[in-house]
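Quick note: the sequence shown uses full-length UniProt numbering, first residue 1, plus one each step. Here is the structure we will look at.
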Amino acid sequence: MFKTLFKRQTQDRHVQALYALAVNQARQPDFYTRLGVADRIDARFELYTLHVLLLFVRLKQDGERGADLSQKLFDAYVSALDNVLRELGVGDVSVGKKMRKLGEALYGRMSAYEKALRAGDHDGLQASIARNVFESEDAAAGAALARYTIDSHERLARQSSAAVEKAPDWAMIVA
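This is the structure:
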């Protein structure tokens with residue numbers, strides 16, 4: 001019993017550390033200063049989602065262990081969203097409704113971004129990023145962040161899973 005308990009805590013810390021790597025990257029000031037992402041909670045949600053997705057896609061490539069870790073990373077992200085809502089003072093009754101809405105948004109973004117990344121659809125990714133991150137129907141608004149996303153996806157794909165879990169090789173943030 002104790003072996004299982006301690007093993008779970010170690011795994012939870014590992015997943016939380018991996019989630020923190022995605023969050024730390026999403027918080028880089030250059031996204032806001034160089035790429036013009038608005039410094040608002042909804043735009044930060046978009047960047048967190050994008051970075052968790054990049055790790056999620058990369059980890060899923062590593063068979064059963066990677067699929068399990070990617071699911072745990074996703075679960076950690078959803079749990080963090082729930083915690084943020086509660087910290088913002090959303091009541092228990094409303095949390096469920098708001099989480100459902102956020103879940104739908106999260107699933108929609110992850111599906112669109114993952115599909116575009118896997119298909120090499122740069123234009124589709126750029127348009128999705130423009131719409132979701134920059135709230136623009138002009139696909140050009142998402143060009144720099146789409147390039148960053150594709151570069152990060154490619155860099156992560158070249159890393160071993162152990163390296164990704166310790167220090168993901170994110171692309172440079174350039175306008």
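Ideal Cβ placement from N, Cα and C applies to all residues, glycine included.
{"query": "Using 8 Å as the threshold, is the segment 96 to 116 in touch with the segment 13 to 27, meaning 3 or more CB pairs across them?", "result": "no"}
{"query": "Below 8 Å between beta carbons: does that hold for residue 211 and R58?", "result": "A query on residue 211 cannot be resolved here, the shown segment of the chain reaching from 1 to 175 and no further."}
{"query": "Leaving aside the five residues before and after E137 along the sequence, list all residues of the same chain whose C-beta is less than 8 Å from its C-beta, in chain order.", "result": "A130, R131"}
{"query": "I need the straight-line Cα distance from A119 to L53, nearest angstrom please.", "result": "15 Å"}
{"query": "Return the residue from the list G124, N83, V78, D123 that minimises the CA-CA distance to E104.", "result": "V78"}
{"query": "Can you check which of these residues, S128, D123, L55, Y32, is closest to E154 by C-alpha distance?", "result": "L55"}
{"query": "If you check the beta carbons only, do A143 and Q126 fall under 8 Å apart?", "result": "yes"}
{"query": "For R34, does the three-state DSSP call read helix, strand or coil?", "result": "coil"}
{"query": "For Q25, which of I41, K98, L47 has the nearest alpha-carbon?", "result": "L47"}
{"query": "Near S152, what residues of its chain come up, given a Cβ to Cβ distance below 7 Å and the 5 sequence neighbours on each side ignored?", "result": "L54, W170, A171"}
{"query": "Helix, strand or coil for S161 per DSSP?", "result": "helix"}
{"query": "Out of Q61, D82, E64, V133, which one is the CA nearest neighbour of D39?", "result": "V133"}
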